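Chains as they are written, first to last, in UniProt numbering: chain A, 1 to 489; chain B, 1 to 489. The C-beta atom is built at its ideal place from N, Cα and C for all residues, glycine as well. In this text, all values refer to a predicted model and were calculated from it rather than measured experimentally.
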């Protein structure tokens, strides 16, 4: 079997695959070891000299390829490393990883039972279970439906499209309401994907003010709904956030649900980040009211540390996906099949071919149990509380706002800036601190933590974790490292 | 390190990962072996008894998990098997597989250079190279731009959105043209995702007639454009197909490009299936005219047998993704970074977090060279031509239409049905043949090949291959198996 052929043969590939998997297993442990850097920074031009990215006419041999694998690993960011706190994902779950590797071997697409029998039943199981958890359906019967989506942004987009479908159908079955006259509401701290997908759906998005904690201001919501109605627009949907990206705020779901009920609006809850809390008896209180949502977005690859990507869009409207999306395509969803075609789930999706994202999640769930996810979350919440306490305790650290979730936003204030009133251009100088520290930590490879400005606030750091391999000592390490880098500014 | 924690530890997980990877490597070879069945059919209820899908409170132990992995593999479809000819993807490329496994270890998301330095440069390299191939840019300079998308449907959706953006901007910068007045055209044999995403973008899709080979009828396109213009609608976009799903037809790109030029329309070419031909000097002639497209969709996971999924949307309009999609989000795309932020590609996407699809493709390209992809395609085209010849030669087989690409659509006609005129309800009885054969082959596990009806035509089979591990003997096997199953109907 030649290398241009697209299946493996034992003579040519067995040894190669064995060598590669041995390397990959080593990589898994190296990438999470505190003895190694979280990254090895190289300027783009430099990196292009280290790795020859060019695509050639002729093949490279297997020894070359082994070398390339090692280099790719070496210069990639170790997102599973305890000091990677840069995004709303991290960790390298060993069971999740196995789930991914198995998914790759199956190389499947989930649209029909015929092509993906195991994966179809797995998806149904996970969706049913999550519906019962989010919608508190004690009988565990399938009260709604769900979709696996390639990321949370996409899921928000589908939710907007569903809300419009529902609204048009509801308003005297009037399918002719122009998108130009539809308006949806979300907070100014909501995820930017709502603006992007508002554009795609051609629907105006009105931003609602947030309070000092980053929560949607309910009065402003009411005022703006009435304003739009006065203009003659249809106010069809509100998108609340359970865990905003920067501050980790939870919009007041119960009050928003009341308003949606009053004004006949679809309520979508973007719980991409906060949704995982549903697994914790102690902390799921932050999601109170979520069962009133018409649709819920939940990213298992965020708080639960499932590998990238695993996003779910859940809805209580059992048949709306099929109604809104199906095109009854005869070449894929034949009705003269010999098995029950309700298991051919593909037609309820906006995708056709679809990489299976369920297996890694399901496999982790088997390996940890529901109780394992709960321990994972409770551990993360405990460390975040500790982080917050430390910010309050230590000189030179200041909270941006009082957090209720994982996100702890804070300023590091170098000693030269600590007496606020006496310093000219204080805010401007504080604004410059975080980028400088970020550059230093990146070049040193010692820590990855994100910074940003928000509204009128100067640049600040955002602490977040999803990796429950992080421990108390790591928390102290972050403070020490920031002080260390910061004082040498 | 406990199992609920989200990073691996050597003591607890090294042996487990080694056992799993040994199993997975065995699976890779087993799944493509002709000695094993392509599937082991089980009814849904039966399969649920074999695998306990339920999600439990408590964890399962590692031995249980090893057993589960083996079962999942056993009852999943072997999409890499030479007798899997059911979809527009197949094969199990060993280098693509390694690329996936490495991607899983990196567990990254491509939006900033900071978080994905290697993957960002890799994406830029592949996009640049493909632009130079499709747009025949001899200098190899980046004349346009590209996006990696989670599947071709999504890419078609983005193309529609881009076309609208471009049109609104062009028409005197009038951003207020309502979507209700926008109309796009595609053929009745085009992919159903265009209808689905027309809905999402809230744009009407007018279907153009096809000829006997499945190609768009140019006269009908002109007539319908004029009709819509008379109604006062804006005819802003035509979507041509290079390789339709069922018949494998290529719309006449040059004539359609002329019409688009004449009427000031955006031309999108859905080359999800046919696009891979660009790698073959001999067969890329089928794509003649594609360089005139404003945007091109190309699925590397189809004809090139890259693992699921690897879809690219290319455009000749260099800055349109950024213009149409960017929201300049301060928490991710900070402008006060210490490195050039043009490498933070995320803001040109409609997604935020995004699983890297480039590595497997890039790695395969390194392993095979451009010349390897060419050999792969030329082999597939040769086998398809052989398949067509055999259909013409053999009693009981009949072409649905004369094919020009990989797809060979044909009827198997059991001997009891061979004298057409003398049989009452001939078409109805022929229509029932394919589903019956499909049931038999599925239950026997001997072959997977798809059937469908199209327009007025009764059910027929569609032969397709993307797996260049398939050989001449396999082609004869398909005929023998169909005859064998068919005559016992």
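C-alpha distance - residue i paired with residue j, whole-angstrom precision
i: residue 397 of chain B; j: residue 275 of chain B; result: 29 Å
i: residue 268 of chain A; j: residue 158 of chain A; result: 10 Å
i: residue 345 of chain A; j: residue 328 of chain A; result: 11 Å
i: residue 31 of chain A; j: residue 64 of chain A; result: 22 Å
i: residue 6 of chain A; j: residue 79 of chain B; result: 12 Å
i: residue 496 of chain B; j: residue 294 of chain B; result: The first residue shown for chain B is 1 and the last is 489, placing residue 496 of chain B beyond what the model contains.
i: residue 491 of chain A; j: residue 379 of chain A; result: Any question about residue 491 of chain A goes unanswered here, given that chain A covers just 1 to 489.
i: residue 12 of chain A; j: residue 23 of chain A; result: 18 Å
i: residue 41 of chain B; j: residue 456 of chain B; result: 31 Å
i: residue 475 of chain B; j: residue 356 of chain A; result: 30 Å
i: residue 209 of chain A; j: residue 67 of chain A; result: 53 Å
i: residue 161 of chain B; j: residue 87 of chain B; result: 28 Å
i: residue 58 of chain A; j: residue 2 of chain A; result: 14 Å
i: residue 482 of chain A; j: residue 83 of chain A; result: 12 Å
i: residue 16 of chain A; j: residue 308 of chain B; result: 22 Å
i: residue 144 of chain A; j: residue 322 of chain A; result: 12 Å
i: residue 236 of chain B; j: residue 229 of chain B; result: 10 Å
i: residue 429 of chain B; j: residue 338 of chain A; result: 17 Å
Beta-carbon gap between residue i and residue j smaller than 8 Å
i: residue 417 of chain A; j: residue 426 of chain A; result: yes
i: residue 311 of chain B; j: residue 149 of chain B; result: yes
i: residue 147 of chain A; j: residue 313 of chain A; result: yes
i: residue 490 of chain B; j: residue 433 of chain B; result: Outside the displayed span of chain B (1 to 489) sits residue 490 of chain B, for which this structure offers no information.
i: residue 156 of chain B; j: residue 101 of chain B; result: no
i: residue 354 of chain A; j: residue 151 of chain B; result: yes
i: residue 249 of chain B; j: residue 271 of chain B; result: no
i: residue 126 of chain A; j: residue 306 of chain A; result: no
i: residue 117 of chain B; j: residue 75 of chain A; result: yes
i: residue 441 of chain A; j: residue 85 of chain A; result: no
i: residue 112 of chain B; j: residue 332 of chain B; result: yes
i: residue 461 of chain B; j: residue 410 of chain B; result: yes
i: residue 224 of chain A; j: residue 259 of chain A; result: no
Under the three-state DSSP convention, the category residue i falls into
i: residue 470 of chain A; result: coil
i: residue 265 of chain A; result: coil
i: residue 456 of chain B; result: coil
i: residue 186 of chain B; result: strand
i: residue 386 of chain B; result: helix
i: residue 327 of chain B; result: coil
i: residue 407 of chain B; result: coil
i: residue 84 of chain B; result: strand
i: residue 296 of chain B; result: strand
i: residue 399 of chain B; result: strand
i: residue 89 of chain A; result: coil
i: residue 43 of chain A; result: coil
i: residue 333 of chain B; result: coil
i: residue 35 of chain B; result: coil
i: residue 374 of chain B; result: helix
i: residue 114 of chain B; result: coil
Per DSSP, cross-strand counterpart(s) of residue i
i: residue 241 of chain A; result: A:270
i: residue 149 of chain A; result: A:311
i: residue 209 of chain A; result: DSSP output for residue 209 of chain A lists no bridge partner at all.
i: residue 69 of chain B; result: Residue 69 of chain B pairs with nothing; no bridge assigned.
i: residue 450 of chain A; result: A:462
i: residue 234 of chain B; result: B:182
i: residue 53 of chain A; result: DSSP output for residue 53 of chain A lists no bridge partner at all.
i: residue 412 of chain A; result: A:397
i: residue 250 of chain B; result: B:242
### Message
Please list, in chain order, the residues of the stretch 330–342 of chain B that have any C-beta partner in chain A closer than 9 Å.
### Response
For the stretch 330–342 of chain B, the residues whose beta carbon sits under 9 Å from a beta carbon of chain A are, in order, 330, 331, 332, 334, 336, 337, 338, 339 and 340.
### Query
Which residues, in order along the stretch 375–389 of chain A, keep a beta-carbon less than 9 Å from a beta-carbon of chain B?
Correct list: 375, 376 and 379.
### Query
In chain order, what residues of the stretch 94–112 of chain A put their CB closer than 7 Å to some CB of chain B?
Contact annotation: in the stretch 94–112 of chain A, residues whose CB is within less than 7 Å of a CB in chain B are 94, 97, 98, 100, 101, 102, 104, 105, 106, 107, 108 and 109.
#### Entry: Contact residues within the stretch 392–411 of chain B, judged by C-beta distance below 8 Å to chain A
Against chain A - using a Cβ distance shorter than 8 Å - the stretch 392–411 of chain B contributes no residues.
#### Entry: Interface residues of the stretch 296–314 of chain B facing chain A [CB-CB below 7 Å]
Within the stretch 296–314 of chain B, the qualifying residues are 305, 307, 308 and 309.
### Task
Could you run through the stretch 1–18 of chain B and flag, in chain order, every residue whose CB is less than 9 Å away from some CB of chain A?
Those would be 1, 2, 3, 4, 5, 6, 7, 8, 9, 10, 12, 13, 14, 16, 17 and 18, in chain order.
### Task
Please list the residues of the stretch 440–452 of chain A that have a C-beta atom closer than 9 Å to any C-beta atom in chain B, keeping them in chain order.
Against chain B - using a Cβ distance shorter than 9 Å - the residues of the stretch 440–452 of chain A are 442, 443, 448, 450, 451 and 452.
### Task
Please list the residues of the stretch 192–215 of chain B that have a C-beta atom closer than 9 Å to any C-beta atom in chain A, keeping them in chain order.
Residues passing the 9 Å Cβ filter: 192, 193, 195, 196, 197, 199, 200, 201, 202 and 203.
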